[in-house]
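K.L.:
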Amino acid sequence: MSTETTAGLKDGIEVSGLGLTFTPPRREPVVALENVNVSVAPGEFVCVVGASGSGKSTLLRLMAGLLEPTTGSIEIGGSLVTGPGRDRAMVFQSDNLLPWATVIDNVSYGLELAGMRKADARAIAMERLTAVGLAHVAQSYPRQLSGGMRQRVNIARALAVDPRVLLLDEPFAALDAQTREIMSAELLKIWSGDKKTVVFITHQIDEAVFLADRVVVLSAHPGTVKEIVDVPFERPRDLHLKRSAEFGQIVDHIWSLIETEVRNSLGIS
Amino acid sequence: MSATQKAVTRQSFGAWLGGPTRGASTLRLFGSLLLLVVIWEVAARYLVNNRLLIVPFSDVMIALGFEAQSGDLWVNLGTTVAELAIAFPIAVVGGMVIGAILAGSKPVRQTLDPMLTALYSLPIVALAPLFTAGLGFGIPSKVAIIILMAIFPVITNTDSGLRSADPALIETAKSFKASRWQILRRVTLPHSVPFIISGIRVAFARALVGVIVAEFFGAIAGFGFAIAAAAQSFQTGRLLAYVVILGVIGLLASIGLTALERKLAPWKED
Chain F
24 MSTETTAGLK DGIEVSGLGL TFTPPRREPV VALENVNVSV APGEFVCVVG
74 ASGSGKSTLL RLMAGLLEPT TGSIEIGGSL VTGPGRDRAM VFQSDNLLPW
124 ATVIDNVSYG LELAGMRKAD ARAIAMERLT AVGLAHVAQS YPRQLSGGMR
174 QRVNIARALA VDPRVLLLDE PFAALDAQTR EIMSAELLKI WSGDKKTVVF
224 ITHQIDEAVF LADRVVVLSA HPGTVKEIVD VPFERPRDLH LKRSAEFGQI
274 VDHIWSLIET EVRNSLGIS
Chain S
8 MSATQKAVTR QSFGAWLGGP TRGASTLRLF GSLLLLVVIW EVAARYLVNN
58 RLLIVPFSDV MIALGFEAQS GDLWVNLGTT VAELAIAFPI AVVGGMVIGA
108 ILAGSKPVRQ TLDPMLTALY SLPIVALAPL FTAGLGFGIP SKVAIIILMA
158 IFPVITNTDS GLRSADPALI ETAKSFKASR WQILRRVTLP HSVPFIISGI
208 RVAFARALVG VIVAEFFGAI AGFGFAIAAA AQSFQTGRLL AYVVILGVIG
258 LLASIGLTAL ERKLAPWKED
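In structure tokens, the structure reads:
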């Protein structure tokens with residue numbers, strides 16, 4: 024038990040008093056995030072939802088170290104985030120695969136950037152591709168794959184570096200409804216293997232509830248935490264869960280939290 | 008063979024000819040050249056009577072045979088090719104280096120941009136007489152003109168290629184903690200390869216114009232020299248023979264660059 028706690032502590036995320044204000048030249052400063060406090064337990068799957076302008080993607084980029092906060096801090100495994108790090112891997116909304124590299128080279132990309140020898144990196148990449156069922160397209164170029172396959176390659180690339188924390192920024196937003204359902208179930212299957220700490224941004228409330236242990240609901244202008252909703256469903260979960268009454272209640276509750284803001288952003292009262 | 012069978016055969020041949028095979032593209036190339044030769048021959052024999060303007064392709068080939076026999080063809084070819092072989096790599100490498108410097112520094116780029124635009128749009132061949140006067144009738148004056156003609160498209164395309172990489176790909180590299188050098192080597196450079204190659208393509212066309220015009224204005228040998236000499240003695244066949252060889256050089260360069268692009272940028276292929 025004690026070893027588990029120690030090992031686990033390393034992968035937790037502690038966001039405290041986090042704020043980010045953009046100051047564009049010759050314009051009014053924009054407060055993207057203000058006083059955000061979130062604590063993600065090791066191995067926990069947390070989804071972040073919110074209306075547009077709530078700063079969900081900004082929060083994730085801060086965790087990735089791609090942006091610097093104006094106030095507050097983020098600690099991962101007890102150490103302060105000051106920039107990108109090899110303990111984290113990010114999956115972006117657009118697949119962001121290198122068009123000039125084959126699928127296998129795209130998956131080994133992160134490992135090679137970390138200084139691993141090409142042959143070793145490829146061996147690991149091949150394992151990851153096999154795990155996501157894409158070994159047969161290893162030598163193809165990204166443009167030869169469907170959107171869903173490219174996004175699986177993107178996830179395989181992030182998993183290949185074996186990060187302690189996986190950060191996903193609306194990874195299925197560009198996919199059609201059926202594909203994203205299957206993909207979210209696949210993601211859970213992959214995650215259940217080694218239970219990394221996951222922060223998953225989405226604007227799809229049912230996706231968030233299906234995936235997460237807890238859903239962080241952000242309010243907009245400025246972006247701050249409105250409520251953190253517990254999702255009590257047992258795992259493993261399958262897509263039938265989405266048709267249950269309890270599932271609908273939680274989705275409804277989250278929707279009621281952000282509905283006003285979505286309406287406001289559309290100019291509907 | 009029945010009519011339907013014939014139709015099917017013909018259709019599949021059309022599909023094959025439009026296809027990506029090496030055989031089909033070779034046939035397309037030679038078919039296209041043959042068509043040009045036939046049009047030329049027919050136009051010169053039956054449509055245009057002005058023998059100073061055009062002579063039939065077959066007569067041009069005879070003139071080319073004489074040039075080859077006398078050895079003039081080889082001297083001129085050797086001279087022009089040598090001038091290109093010295094100057095063109097300098098233009099390409101120099102253009103890439105200058106382009107990379109421009110892409111790397113915004114103040115440098117913004118300061119030099121008006122100058123480069125002015126020089127790029129200037130008809131540099133207009134300086135040919137000056138170079139001949141200053142550097143003589145030999146190879147150096149031609150090398151100078153070729154470099155000046157060819158360098159600008161390489162500079163421009165290298166600069167824009169290096170600066171137009173998808174910011175999302177750069178952000179992804181950063182999320183993997185890539186260094187500046189790694190981003191250059193893994194993202195920015197591969198992205199700019201097709202840009203640089205199309206710059207080289209334009210540069211070679213300009214280099215050919217440059218070398219010929221430079222040789223017009225004073226040379227000891229070379230294609231431009233031979234063409235000017237043939238024109239002064241109204242030897243249209245001989246003149247066109249050199250033009251045909253120039254066309255072949257241009258075509259070979261284009262094929263070579265396409266092959267290079269396929270090798271360096273295979274992801275662009277369909």
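Going line by line, the protein sequences match chains F and S. For the first sequence, the numbering used here assigns the number 24 to the initial residue and increments by one for each residue that follows. For the second sequence, the numbering used here assigns the number 8 to the initial residue and increments by one for each residue that follows. Even for Gly, the Cβ is constructed at its ideal location relative to N, Cα and C.
1) Can you give me the C-alpha to C-alpha distance between Arg245/S and Thr163/S, rounded to a whole angstrom?
2) Under 8 Å by Cβ, that's how I've got Leu191/F and Phe223/F pegged, so tell me the actual separation to the nearest angstrom.
3) Does chain F have any CB closer than 7 Å to the CB of Ala175/S?
4) Going along the chain, which residues of its own chain have a beta-carbon closer than 8 Å to the beta-carbon of Asp143/F, five neighbours each way excluded?
5) Let me see if you follow: with CB-CB separation under 7 Å, is Ser117/F close to chain S or not?
6) I'd like the list of long-range same chain contacts for Met8/S, defined as Cβ closer than 7 Å, with 5 residues on each side in sequence excluded.
7) Residues of chain S with a CB under 8 Å from the CB of Pro122/F: which are they?
8) Using a Cβ cut-off of 7 Å, pull out every chain F residue sitting near Thr179/S, in sequence order please.
9) Rounded C-beta distance between Ala175/S and Asn177/F? I'm assuming under 8 Å.
10) Return the residues of the segment 242-264 of chain F that lie within a Cβ-Cβ distance of less than 7 Å from chain S, sorted by chain order.
11) Strictly under 7 Å for the Cβ-Cβ distance: is Ala185/S near chain F by that measure?
12) Applying a beta-carbon distance threshold of less than 9 Å, which residues of chain S neighbour Pro107/F?
13) Quick one: grab the DSSP three-state call for Ile291/F.
14) May I have the straight-line CA-CA distance separating Val63/F from Arg208/S, to the nearest angstrom?
15) In chain S, what lies closer than 7 Å to Gly133/F by C-beta?
16) Measuring straight from C-alpha to C-alpha, what distance separates Ile99/F and Ile36/F?
17) Quick check on DSSP: helix, strand or coil for Gly244/S?
18) So what's Leu191/F in DSSP terms, helix, strand or just coil?
19) Quick check on Arg50/F: buried or exposed, where buried means 16 or more other Cβ atoms within 10 Å of its Cβ?
20) For the segment 76-97 of chain S, enumerate the residues whose C-beta is nearer than 8 Å to any C-beta of chain F, in chain order.
21) Looking at chain S, is there any beta carbon in it that lies within less than 7 Å of the beta carbon of Ala87/F?
22) Counting contacts by CB-CB distance shorter than 7 Å, is Leu234/F in contact with chain S?
23) Where do the N-terminal and C-terminal ends of the beta strand (DSSP E) with Gly57/F fall, by residue?
24) DSSP beta-bridge partners for Val248/F?
25) Three-state secondary structure (DSSP) at Leu198/F?
26) On the three-pair Cβ rule with 8 Å, is the segment 94-114 of chain F touching the segment 167-184 of chain F?
27) If you pair each beta-carbon of the segment 214-225 of chain S with each one of the segment 145-161 of chain S, do three or more pairs fall below 8 Å?
28) Can you check whether the C-beta of Gln117/S is within less than 7 Å of a C-beta belonging to chain F?
29) Would you say Pro114/S faces chain F, with C-beta separation under 7 Å as the test?
30) Using only the alpha-carbon positions, how far apart do Pro27/S and Leu34/S sit?
31) Rounded to the nearest angstrom, what separates Ile61/S and Ala238/S at their Cα positions?
32) Check whether the segment 266-282 of chain F touches the segment 244-252 of chain F, counting contact only when three or more Cβ pairs, one atom from each stretch, lie closer than 8 Å.
33) Can you pull the chain F neighbours of Gln189/S, defined as C-beta to C-beta under 8 Å?
34) Given Ala110/S, which residues of its chain have a CB within under 6 Å of its CB, disregarding the five upstream and five downstream residues?
35) With DSSP as the reference, label Glu257/F as helix, strand or coil.
36) Does chain F have any CB closer than 7 Å to the CB of Pro299/S?
P.N.:
On the basis of the supplied data:
1) Here residue 245/S is taken as the residue at index 238 of the second sequence, counted from 1. Here residue 163/S is taken as the residue at index 156 of the second sequence, counted from 1. Arg245/S and Thr163/S: Cα-Cα distance of roughly 38 Å.
2) As a working mapping, residue 191/F is identified with position 168 in the first sequence. As a working mapping, residue 223/F is identified with position 200 in the first sequence. With 8 Å as the limit, Leu191/F and Phe223/F qualify as a contact, their Cβ atoms being about 5 Å apart.
3) Position 168 of the second sequence, counted from the first residue, corresponds to residue 175/S. Judged by the 7 Å Cβ criterion, Ala175/S is in contact with chain F.
4) For the purposes of this step, residue 143/F is identified with residue 120 of the first sequence, where counting begins at 1. Hits under 8 Å: Leu134.
5) Within the first sequence, numbered from 1, the residue matching residue 117/F stands at position 94. For Ser117/F, the answer is yes, since a Cβ of chain S falls inside 7 Å of its Cβ.
6) Position 1 of the second sequence, counted from the start, is the residue given in the question as residue 8/S. Any answer about Met8/S is weak, because its pLDDT of 48 lies below 50 and its placement is not dependable; what the coordinates show is given next. Excluding sequence neighbours, Met8/S sits near nothing in its chain.
7) Numbered from its first residue, the first sequence carries residue 122/F at position 99. In chain order: Trp274.
8) Within the second sequence, numbered from 1, the residue matching residue 179/S stands at position 172. Per Cβ cutoff of 7 Å: Phe115, Asn119.
9) What you label residue 175/S is simply residue 168 of the second sequence in a count that begins at 1. What you label residue 177/F is simply residue 154 of the first sequence in a count that begins at 1. No, Ala175/S and Asn177/F are not in contact; Cβ-Cβ is about 11 Å, not under 8 Å.
10) none
11) Mapped onto the second sequence, residue 185/S falls at position 178. Answer yes: the Cβ-Cβ gap between Ala185/S and chain F drops below 7 Å somewhere.
12) Here the question's residue 107/F lines up with position 84 in the first sequence. Near Pro107/F (Cβ distances below 9 Å), the residues of chain S are Lys181, Ser182, Phe183, Lys184, Ala185.
13) Residue numbering aside, residue 291/F sits at position 268 when the first sequence is read from its first letter. Three-state result, Ile291/F: coil.
14) Counting from one through the first sequence, the residue named residue 63/F turns up at place 40. Counting from one through the second sequence, the residue named residue 208/S turns up at place 201. Those two C-alpha atoms are separated by around 55 Å.
15) Mapped onto the first sequence, residue 133/F falls at position 110. What Gly133/F touches in chain S: Phe183.
16) Sequence index remark: in the first sequence, residue 99/F carries index 76 (1-based). Sequence index remark: in the first sequence, residue 36/F carries index 13 (1-based). Taking the straight line from one Cα to the other gives about 5 Å.
17) One-based indexing of the second sequence puts residue 244/S at position 237. Gly244/S: helix per DSSP, three-state reduction.
18) Within the first sequence, numbered from 1, the residue matching residue 191/F stands at position 168. If DSSP states are grouped into helix, strand and coil, Leu191/F belongs with the strands.
19) What you label residue 50/F is simply residue 27 of the first sequence in a count that begins at 1. Burial call: exposed.
20) none
21) Sequence index remark: in the first sequence, residue 87/F carries index 64 (1-based). For Ala87/F, the answer is yes, since a Cβ of chain S falls inside 7 Å of its Cβ.
22) Against the first sequence, residue 234/F aligns to sequence position 211. No, no contact with chain S.
23) For the purposes of this step, residue 57/F is taken as the residue at position 34 of the first sequence. It should be noted that the sequence gives Glu, not Gly, for residue 57/F. Here the beta strand (DSSP E) through Glu57/F covers 53-63.
24) Within the first sequence, numbered from 1, the residue matching residue 248/F stands at position 225. Answer is Leu241/F.
25) In the first sequence, counting from the first residue as 1, residue 198/F sits at position 175. Coil, per DSSP.
26) yes
27) yes
28) In the second sequence, the residue the question calls residue 117/S occupies position 110. Chain F contact via Cβ: absent.
29) For the purposes of this step, residue 114/S is taken as residue 107 along the second sequence, with counting starting at 1. It does not: the Cβ of Pro114/S has no partner Cβ on chain F nearer than 7 Å.
30) The count along the second sequence starts at 1 and reaches residue 27/S at position 20. The count along the second sequence starts at 1 and reaches residue 34/S at position 27. Near 11 Å, if we compare the C-alpha coordinates of Leu34/S and Pro27/S.
31) For the purposes of this step, residue 61/S is identified with residue 54 of the second sequence, where counting begins at 1. For the purposes of this step, residue 238/S is identified with residue 231 of the second sequence, where counting begins at 1. Distance between the alpha carbons of Ile61/S and Ala238/S: 12 Å.
32) yes
33) The count along the second sequence starts at 1 and reaches residue 189/S at position 182. Those are Leu136, listed as they occur along chain F.
34) On the second sequence, residue 110/S is found 103 positions in, with the first residue counted as 1. Excluding residues within five positions, the ones whose Cβ falls inside 6 Å are Asp166, Leu169, Arg170.
35) As a working note, residue 257/F is residue 234 in the first sequence. The answer is coil: DSSP assigns Glu257/F none of H, G, I, E or B.
36) For residue 299/S there is no data in the structure shown, the boundaries of chain S being 8 and 277.
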